[in-house]
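Single-structure report; data block below.
There are 2 protein chains.
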Amino acid sequence: MDGSGDRPKSKRKSSWKKDPEAVKANILEIATEEFAAYGLSGANINEIAQKTSTSKRMIYYYFGDKEGLYCAVLEGVYASLRNAEDKLEVGNLPPVEALRRLVKATFDAHAKAPHFIRLVMIENIHNGDYLRKSEIVPKLNRSIIEKLEDVCSRGKKEGLFREGANALQLHWLISSFSFYNVSNRATFSASFGTEIFSKAMQSLVKDRVADMVLAAVVIGHEPRSWD
Amino acid sequence: MDGSGDRPKSKRKSSWKKDPEAVKANILEIATEEFAAYGLSGANINEIAQKTSTSKRMIYYYFGDKEGLYCAVLEGVYASLRNAEDKLEVGNLPPVEALRRLVKATFDAHAKAPHFIRLVMIENIHNGDYLRKSEIVPKLNRSIIEKLEDVCSRGKKEGLFREGANALQLHWLISSFSFYNVSNRATFSASFGTEIFSKAMQSLVKDRVADMVLAAVVIGHEPRSWD
DNA sequence: CATGAATTTAACTCAGCGGTACATTTTTGT
DNA sequence: ACAAAAATGTACCGCTGAGTTAAATTCATG
Numbered sequence: 040m041d042g043s044g045d046r047p048k049s050k051r052k053s054s055w056k057k058d059p060e061a062v063k064a065n066i067l068e069i070a071t072e073e074f075a076a077y078g079l080s081g082a083n084i085n086e087i088a089q090k091t092s093t094s095k096r097m098i099y100y101y102f103g104d105k106e107g108l109y110c111a112v113l114e115g116v117y118a119s120l121r122n123a124e125d126k127l128e129v130g131n132l133p134p135v136e137a138l139r140r141l142v143k144a145t146f147d148a149h150a151k152a153p154h155f156i157r158l159v160m161i162e163n164i165h166n167g168d169y170l171r172k173s174e175i176v177p178k179l180n181r182s183i184i185e186k187l188e189d190v191c192s193r194g195k196k197e198g199l200f201r202e203g204a205n206a207l208q209l210h211w212l213i214s215s216f217s218f219y220n221v222s223n224r225a226t227f228s229a230s231f232g233t234e235i236f237s238k239a240m241q242s243l244v245k246d247r248v249a250d251m252v253l254a255a256v257v258i259g260h261e262p263r264s265w266d
Numbered sequence: 040m041d042g043s044g045d046r047p048k049s050k051r052k053s054s055w056k057k058d059p060e061a062v063k064a065n066i067l068e069i070a071t072e073e074f075a076a077y078g079l080s081g082a083n084i085n086e087i088a089q090k091t092s093t094s095k096r097m098i099y100y101y102f103g104d105k106e107g108l109y110c111a112v113l114e115g116v117y118a119s120l121r122n123a124e125d126k127l128e129v130g131n132l133p134p135v136e137a138l139r140r141l142v143k144a145t146f147d148a149h150a151k152a153p154h155f156i157r158l159v160m161i162e163n164i165h166n167g168d169y170l171r172k173s174e175i176v177p178k179l180n181r182s183i184i185e186k187l188e189d190v191c192s193r194g195k196k197e198g199l200f201r202e203g204a205n206a207l208q209l210h211w212l213i214s215s216f217s218f219y220n221v222s223n224r225a226t227f228s229a230s231f232g233t234e235i236f237s238k239a240m241q242s243l244v245k246d247r248v249a250d251m252v253l254a255a256v257v258i259g260h261e262p263r264s265w266d
């Protein structure tokens, strides 16, 4: 489709009129939208195909079947969340401030990654069957744990954190807030109204959550009063 | 099917050979299993029909269509969780102890209601579209909020709780832990192992969570160190 | 330019599944 | 007893949507 006969942008050997990488990426992008929106059984391959710039046959060519496509999508969103997390560097902040930063960043990262949230929800509906097959995902999640372990050990060494403060439990805790805050918006709103998800409230809640985590870990930390 | 010709167990006027209420209940029970297991699009009406003691025809007769059945299931699980919550009475406990009890009870109630959890997840995938149509569910959820409001106001009156401690935010907080702890087991385990979901660990985590909530609300509450 | 591997198109298959038609039996009201 | 209404059984329909077949096109290379 590029009028001139020169190389489009490929880093490989020479010019390709057809660009498989771009086609795959395009399929993945659309499929991510669709699976996130409708789930594994709810998403429709014909629909996906129609929204791509290629055809259904190509989906099967590159990803084998619906499940293969779903798995690829799943690994994709995990990888991109890791990417976001890795950008945050708190190694040279004092432990308390570092932890506060980590909590807030995790909260924000989840709020900004609705596709990730929805796909993880969907994967949990499927009991993690597809995630368990993945070889890359478990590795991805090491980095956030390592960060927390570093902060914990520094905090304890300086006598600021409680002994036994545990990176894994801490991560579980922080994820609870951050995940639920996005995943259950629809039903929570339907039952209790939307106030808590307003921009102003979300900012408050984020501070409150950070405060709570700190209070759990930092000796003598007194949370501020609520608004 | 009852050999003798006498009334089976009906409280209505006279004996019924066919018992519509029981048929409906049976359908709902099976449908709850299936929708919880496979989601709205994943569940299969033929499959459901086969597992009931009646036929597919009856499902359509009583519930109209697949969505109608799903809605009925959804309202059912909400109602039965409310039922469980309502059994807990903390009105005559001192505020701090009452709150601790409420947190632990909510944690336990969620852990024991996997169908509820899964159906709420599924409903969130559908953006709460079906829940929003329900007229009964919003009312159901009043009771837990009222309990928290009562405890909060008592705690504040006695000068134990921070001013501004808020029933809705508190409920959001408690639900986060309690819900996520069940909803995301599969993916969390796949990434970080299953230790945190062992019986012993769950008991610890529950105490820790209760402690955290108290620390957030109760003035001067110092959580115990972690194990 | 002949060859063959990689990539792409278009049309087709076919069973699974949501939903229905219609007859039949059971219960109720009078 | 009898008609109207509620409840149920059986067989069927049509369409949707996952996956396939087979052939055409494109590109690298000798």
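Those protein sequences? They're chains L and A, same order as listed.
Each number in the working numbering comes from the position in the first sequence (counting from 1) with 39 added on.
Each number in the working numbering comes from the position in the second sequence (counting from 1) with 39 added on.
Even for Gly, the Cβ is constructed at its ideal location relative to N, Cα and C.
Nothing here was measured: the structure is a model prediction, and the numbers come from that model.
Proximity below 7 Å, CB of residue i to CB of residue j
{"i": "A249 (chain A)", "j": "P262 (chain A)", "result": "no"}
{"i": "N180 (chain A)", "j": "S222 (chain L)", "result": "no"}
{"i": "S80 (chain L)", "j": "A88 (chain L)", "result": "no"}
{"i": "F146 (chain L)", "j": "S217 (chain L)", "result": "yes"}
{"i": "M160 (chain L)", "j": "M160 (chain A)", "result": "yes"}
{"i": "T226 (chain L)", "j": "N163 (chain A)", "result": "yes"}
{"i": "S215 (chain L)", "j": "S228 (chain A)", "result": "no"}
Neighbourhood of residue i by C-beta, 6 Å cutoff - its chain only, sequence neighbours within 5 removed
{"i": "G44 (chain A)", "result": "Confidence at G44 (chain A) is low in this model, with a pLDDT of 33, below 50, so the placement of that residue is unreliable and no value is reported for it."}
{"i": "A82 (chain L)", "result": "E73, F74"}
Element boundaries [alpha helix (DSSP H), containing residue i]
{"i": "D58 (chain L)", "result": "Note, D58 (chain L): premise wrong, no alpha helix (DSSP H); not H, not E."}
{"i": "L108 (chain L)", "result": "105-125"}
{"i": "G271 (chain A)", "result": "Nothing can be reported for residue 271 (chain A): it is not among the residues displayed for chain A, which extend from 40 to 266."}
{"i": "I98 (chain L)", "result": "95-102"}
{"i": "L170 (chain L)", "result": "168-172"}
{"i": "T233 (chain L)", "result": "Unbroken run through T233 (chain L): none, as it is neither H nor E."}
{"i": "V135 (chain L)", "result": "134-150"}
{"i": "W211 (chain A)", "result": "206-222"}
{"i": "F155 (chain A)", "result": "153-164"}
{"i": "N85 (chain L)", "result": "84-90"}
Coil, strand or helix - residue i by DSSP
{"i": "V257 (chain A)", "result": "strand"}
{"i": "E68 (chain L)", "result": "helix"}
Same chain, Cβ closer than 8 Å to residue i, neighbours up to 5 away in sequence not counted
{"i": "L141 (chain A)", "result": "L127, V129, K186, L187, V190, I213"}
{"i": "L158 (chain A)", "result": "T71, F74, A75, V112, L113, V116"}
{"i": "R247 (chain L)", "result": "P262, W265"}
{"i": "S17 (chain L)", "result": "In the structure displayed, chain L extends from 40 to 266; residue 17 (chain L) sits before or after that span and is not available."}
{"i": "A144 (chain L)", "result": "E124, L127"}
Proximal residues to residue i (C-beta, below 7 Å), its chain only, five neighbours per side dropped
{"i": "K105 (chain L)", "result": "I84"}
{"i": "E197 (chain L)", "result": "P134"}
{"i": "V257 (chain A)", "result": "V135, L199, F200"}
{"i": "M40 (chain L)", "result": "Low confidence applies to M40 (chain L): its pLDDT is 34, below 50, so where it sits in the model is not reliable, and the reading given next is rough at best. Excluding positions up to five away in sequence, the list is empty."}
{"i": "G67 (chain L)", "result": "It is Leu, not Gly, that sits at residue 67 (chain L) in the sequence shown. Correct list, in chain order: A111, V112, G115."}
{"i": "M251 (chain A)", "result": "P262"}
{"i": "A206 (chain L)", "result": "I184, L187, E188, C191"}
{"i": "V176 (chain A)", "result": "E114, Y117, L170"}
{"i": "P153 (chain L)", "result": "V221"}
{"i": "S237 (chain L)", "result": "none"}
Backbone CA spacing between residue i and residue j [nearest angstrom]
{"i": "W265 (chain A)", "j": "K151 (chain L)", "result": "31 Å"}
{"i": "S116 (chain A)", "j": "G203 (chain A)", "result": "In the sequence as presented, Ser is not what sits at residue 116 (chain A); that position holds Val. So the alpha carbons of these two residues sit roughly 32 Å apart."}
{"i": "F102 (chain A)", "j": "L108 (chain A)", "result": "5 Å"}
{"i": "G259 (chain L)", "j": "G259 (chain A)", "result": "9 Å"}
{"i": "D58 (chain L)", "j": "A118 (chain L)", "result": "23 Å"}
{"i": "G78 (chain A)", "j": "R121 (chain L)", "result": "28 Å"}
{"i": "I69 (chain A)", "j": "Y99 (chain A)", "result": "15 Å"}
{"i": "R224 (chain A)", "j": "D168 (chain L)", "result": "12 Å"}
{"i": "A239 (chain L)", "j": "E86 (chain L)", "result": "38 Å"}
{"i": "S242 (chain A)", "j": "N166 (chain L)", "result": "23 Å"}
{"i": "R193 (chain A)", "j": "R139 (chain A)", "result": "14 Å"}
{"i": "R171 (chain A)", "j": "H149 (chain A)", "result": "22 Å"}
{"i": "N289 (chain A)", "j": "S92 (chain A)", "result": "One cannot answer for residue 289 (chain A) here, as it falls past the ends of chain A, which runs 40 to 266."}
{"i": "V244 (chain L)", "j": "E174 (chain L)", "result": "35 Å"}
{"i": "W211 (chain L)", "j": "N220 (chain A)", "result": "8 Å"}
{"i": "I235 (chain A)", "j": "K195 (chain A)", "result": "34 Å"}
{"i": "E60 (chain L)", "j": "K90 (chain L)", "result": "17 Å"}
{"i": "K178 (chain A)", "j": "Q208 (chain L)", "result": "35 Å"}
{"i": "A137 (chain L)", "j": "K63 (chain A)", "result": "56 Å"}
{"i": "N131 (chain A)", "j": "N131 (chain L)", "result": "50 Å"}
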